[in-house]
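Asks: Supplied in structure tokens, the structure appears directly below.
2 protein chains.
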Amino acid sequence: MSRAWNFVAGPAGLPECVIQKAQEALWDVGPGAGILEISHRSAFFDRLMYDLDAQFRRIGGIPDDYDVLFLQGGATLQFCQIPAILTRPGDHIDCIHTGFWTRNAMRDAAFYTDVRYAYDGAASGFEHIPEDSEISYSENPRYVYYCANNSFMGTEWQRPPLTRYPLVADMSSNIYSRPIDVRAHSLIFASAQKNLGIAGVCVVIVKHEFLEACQPEPRASMFNYRRLVENRSMLNTPPTFALYVMKLMLDWIDGQGGLAALEVRNREKAAIVRSAIDDTGGFFRHVGEPQCRSLMNISFRTASREMDGLFVAEAENERMLGLRGHRETGGLRASVFNAFPVEGCRVLAEFIREFARVHG
Amino acid sequence: MSRAWNFVAGPAGLPECVIQKAQEALWDVGPGAGILEISHRSAFFDRLMYDLDAQFRRIGGIPDDYDVLFLQGGATLQFCQIPAILTRPGDHIDCIHTGFWTRNAMRDAAFYTDVRYAYDGAASGFEHIPEDSEISYSENPRYVYYCANNSFMGTEWQRPPLTRYPLVADMSSNIYSRPIDVRAHSLIFASAQKNLGIAGVCVVIVKHEFLEACQPEPRASMFNYRRLVENRSMLNTPPTFALYVMKLMLDWIDGQGGLAALEVRNREKAAIVRSAIDDTGGFFRHVGEPQCRSLMNISFRTASREMDGLFVAEAENERMLGLRGHRETGGLRASVFNAFPVEGCRVLAEFIREFARVHG
């Protein structure tokens, strides 16, 4: 039986060639053992980590004065670790609040520092991403926090906010879906299971100078990013397979032509689905204002919860999975991360048009 | 080419049937997507987590008044999280210090609480595990900490220390290699990549009452074990594939006849290698006193570093991998975790005898 069209919000679908290579690697990756059974202290894995780091930096255009860490615990552990590591007593931080993920991040940050809001998107129902003129920074926040893509509402920043303060971004749901302006940020973090592989590894890209300035005192090992940098993310046993799959994904990204080519492809994919929604004459409506709609998470809905449910059920019959919106927001959501194929967007677009024709 | 005999200390070898099932699951695990691509919020994964929890509890004989968590970050994150969560200002803890891993755990614990030593094995070169009479507990430690199997030196506790204080055990390198006296402990933790699958997930078994007594105040999400319990370890995206492989390993353990049967098999495996070492008339010597030698990590050495190196090199030619001792201890080490086959122990035993005959 063929694989389904997988629109889930993550862990997301992978390119079939990545899965096939991973299958082979499970049995024997070279030295007589499978990738799951390789010591992180082996020559094989040491080389893998050097190559992963170099390729990750090249693809993302990460300057040499930034450190790259590959950690466990997902983005949610970063919600704790970043304020724990980067703030000091008396500090405060500014948050640009655009939805569920900034809310959760700030709930955790509040255990470590004073959180202020430079913008609150609640009034717009989080369908809006602010212009720079709408953001009011406080005086000398330790850093400014934002979420580059809001996977719940399906809104995405088209470029980072302009600020003279250090900028920290959660890019979990859009990293490497398009070129990144790394220099605009002091820290970027992203879990891998949407655009860079599987659950279990989280990337942290941090400006070396920012890390050094914020972390003068000794800390417990897993909160000591400087030591983690020195140990190339292998202070303890890393999530070896998740790192291997990330390497396969980077190979695939290279094969696609890099981030600029991926952006073209991702824009095409989103446009195929968005224009089908437009074509239904209001039967389906987009969630999110036009200028801030996400390329990764296409949020839309019908006029009723019942019709949304019918859409999800009928789509599943056509082997389109994961189109139900998040339990907090309701509605419909098609997540079309890097690996999701253009062909699947065409199938969904056709289905949207047909569904509106039948039920409209 | 056939797979090698994999004596690495972890991530460790897996049963071939587990690898084969994982290979199939990568392509399609049922709903039209592979196991790497399944949402942790799907019905499939929800069922997997219920089954994993129930099977894990049944196999280990874990009483109902203990909570089980499946977390990320490895045992090393627990070195921070356990003292951060379970101690309060003014508390202290007691450590029974038996080597590298208790040292590292206490280095991290010292950032959160006052650490005292109820026993210090440094004087014995860590070749000794103390009798209860050798341990001097302080007054009212919040908990007593020990490491059940010291993978570096190859020493193992034959039963838990007797104490009236709450007992916390690192079982990363011997969990589920034999039946566990869970009731003797208030908390047990173990990373999975030796006996329970692959790197990326760490099990925490904690007495509910102990957790409640120690954690009255609100905490950031990843430090709130109560909330993690309520969310069945899925507060954020869990390491889905590592959990799936753990389920396959539990199926394999059931197929072997459970922990009592595994203990018989693990004793047989260790005895095969140990008796070969005995047969060399002193050419090889065991590390660790006889009554505290590990079933999991067989530490031994020749009289010289050069001869140890030659042994490792010649063993690799015979496709026996990972026999070099840890860089801190030197010597030789054969790790024979749950999945390591009896046949491989026989091959190593024969090689040990032959090597001593040729070079002795």
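These protein sequence lines map, in sequence, to chains A and B.
Be aware that the first sequence starts at -3, since it is given in our numbering, and climbs by one per residue.
Be aware that the second sequence starts at -3, since it is given in our numbering, and climbs by one per residue.
Backbone N, C-alpha and C define an ideal beta-carbon position, used for all residues, glycine too.
Please list, in chain order, the chain A residues whose beta carbon lies closer than 8 Å to that of residue 75 (chain B).
Replies: 216, 217 and 218, listed in chain order.
Asks: If we ignore side chains and look at the alpha-carbon of each, how far apart do residue 244 (chain A) and residue 192 (chain A) end up?
Replies: When rounded, the distance between both Cα atoms is 9 Å.
Asks: Quick check on residue 46 (chain B): does DSSP put it in helix, strand or coil?
Replies: The answer is helix: DSSP assigns residue 46 (chain B) an H, G or I state.
Asks: So what does residue 152 (chain A) bridge to, in DSSP terms?
Replies: In the DSSP output, where bridge partners are listed per residue, residue 152 (chain A) has A:145.
Asks: Count the other CB atoms, across all protein chains shown, that sit within 10 Å of the CB of residue 158 (chain B); report buried if there are 16 or more and exposed otherwise.
Replies: Its Cβ having fewer than 16 others within 10 Å, residue 158 (chain B) is exposed.
Asks: Whole angstroms is fine: what's the gap from residue 26 (chain A)'s alpha carbon to residue 108 (chain A)'s?
Replies: Whole-angstrom Cα-Cα distance: 45 Å.
Asks: Check each candidate in A:0, A:-1, A:8 and A:-2 and name the one with the smallest Cα separation from residue 331 (chain A).
Replies: Nearest option by C-alpha distance: A:8.
Asks: Compare the beta carbon distance of residue 182 (chain A) and residue 164 (chain A) with 9 Å and say whether it is the shorter of the two.
Replies: Their beta carbons are under 9 Å apart, which means residue 182 (chain A) touches residue 164 (chain A) by this criterion.
Asks: Am I right that residue 166 (chain A) and residue 71 (chain A) are in contact with their C-beta atoms under 8 Å? What's the rounded C-beta distance?
Replies: Going by Cβ atoms, the distance from residue 166 (chain A) to residue 71 (chain A) rounds to 6 Å, so yes, they are a contact pair.
Asks: From which residue to which residue does the beta strand (DSSP E) around residue 92 (chain A) run?
Replies: 88 to 93 is the extent of the beta strand (DSSP E) around residue 92 (chain A).
Asks: For a contact defined as C-beta to C-beta under 9 Å, what are the partners of residue 311 (chain B) on chain A?
Replies: Those do not exist, as residue 311 (chain B) stays about 12 Å from chain A at its closest Cβ, beyond 9 Å.
Asks: Could you tell me which chain B residues have their CB closer than 8 Å to the CB of residue 234 (chain A), listed as they occur along the chain?
Replies: Ordered by position in chain B, the residues that pass the 8 Å Cβ test against residue 234 (chain A) are 195.
Asks: DSSP state of residue 104 (chain B), grouped into three classes?
Replies: Three-state DSSP puts residue 104 (chain B) in a helix.
Asks: Taking 8 Å as the cut-off, is the CB of residue 103 (chain B) close to at least one heavy atom of the ligand SAH?
Replies: The ligand SAH is not among the ligands present in this structure, which contains no ligands whatsoever.
Asks: Which bits of chain B does residue 2 (chain A) rub up against, with CB to CB less than 7 Å?
Replies: Correct list: 29 and 33.
Asks: Does any CB atom of chain B fall closer than 9 Å to the CB of residue -2 (chain A)?
Replies: Judged by the 9 Å Cβ criterion, residue -2 (chain A) is in contact with chain B.
Asks: My understanding is that residue 75 (chain B) touches residue 229 (chain A), with C-beta atoms under 8 Å, so please give their C-beta distance in whole angstroms.
Replies: 17 Å between Cβ atoms; not a contact.
Asks: What residues are listed by DSSP as bridge partners for residue 198 (chain B)?
Replies: The partner list for residue 198 (chain B) (beta bridge, DSSP) reads B:67 and B:187.
Asks: Under a Cβ-count criterion, where at least 16 other Cβ atoms within 10 Å of its own Cβ denotes burial, should residue 257 (chain B) be classed as buried or exposed?
Replies: Exposed: under 16 other Cβ atoms inside 10 Å.
Asks: If we call anything under 9 Å between Cβ atoms a contact, is residue 291 (chain B) one with residue 262 (chain B)?
Replies: It is a contact, given that the beta carbons lie within the stated cut-off.
Asks: For chain A, is any of its Cβ atoms less than 9 Å away from the one on residue 141 (chain B)?
Replies: Cβ-Cβ to chain A under 9 Å: no for residue 141 (chain B).
Asks: Name the DSSP bridge partner or partners of residue 374 (chain A)?
Replies: Examination of residue 374 (chain A) is not possible in this model, given that chain A is present from -3 through 356 alone.
Asks: If you drop the 5 nearest sequence neighbours on each side, which residues of the same chain put their C-beta closer than 6 Å to that of residue 321 (chain A)?
Replies: If we look at residue 321 (chain A) and ignore the five residues flanking it on each side, its Cβ neighbours are 327, 328 and 329.
Asks: Please determine, among A:11, A:5, A:64 and A:119, the residue with the shortest C-alpha to C-alpha distance to residue 226 (chain A).
Replies: Checked all of A:11, A:5, A:64 and A:119; the closest Cα to residue 226 (chain A) is A:64.
Asks: Tell me, please, whether the CB atom of residue 318 (chain B) is closer than 9 Å to any CB atom in chain A?
Replies: By this cut-off, residue 318 (chain B) is an interface position.
Asks: Measuring only between beta-carbons, confirm whether residue 291 (chain B) sits less than 9 Å from chain A.
Replies: Not an interface residue.
Asks: For chain B, is any of its Cβ atoms less than 9 Å away from the one on residue 72 (chain A)?
Replies: Closer than 9 Å to some Cβ of chain B, the Cβ of residue 72 (chain A) qualifies, so yes.
Asks: Could you check how far apart the C-beta atoms of residue 237 (chain A) and residue 31 (chain A) are, in whole angstroms? I think they sit under 8 Å.
Replies: With 8 Å as the limit, residue 237 (chain A) and residue 31 (chain A) qualify as a contact, their Cβ atoms being about 6 Å apart.
Asks: Tell me the DSSP bridge mates of residue 294 (chain B)?
Replies: Bridge partners of residue 294 (chain B): B:330.
Asks: Cβ of residue 156 (chain A) within 9 Å of Cβ of residue 180 (chain A)?
Replies: Closer than 9 Å, so yes.
Asks: Decide yes or no for the touch test of the segment 96 to 103 of chain A against the segment 123 to 131 of chain A: beta carbon pairs closer than 8 Å, at least 3 of them.
Replies: No, the segment 96 to 103 of chain A is not in contact with the segment 123 to 131 of chain A.
Asks: Can you give me the Cβ contacts of residue 325 (chain A) inside the same chain, cut-off strictly under 7 Å, excluding the 5 residues immediately before and after it?
Replies: Taken in chain order, the residues that qualify are 148 and 149.
Asks: At the level of alpha carbons, what is the spacing between residue 144 (chain B) and residue 152 (chain B)?
Replies: About 6 Å.
Asks: Mind pulling the chain A residues with CB within less than 8 Å of residue 237 (chain B)?
Replies: Those are 194, 195, 196, 237 and 238, listed as they occur along chain A.
Asks: Give the DSSP bridge partners of residue 224 (chain A), in chain order.
Replies: Paired residue(s): none; residue 224 (chain A) is not in a bridge.
Asks: Can you name the residues of chain B whose CB is closer than 9 Å to the CB of residue 23 (chain A)?
Replies: In chain order: -1, 12, 15, 16 and 19.
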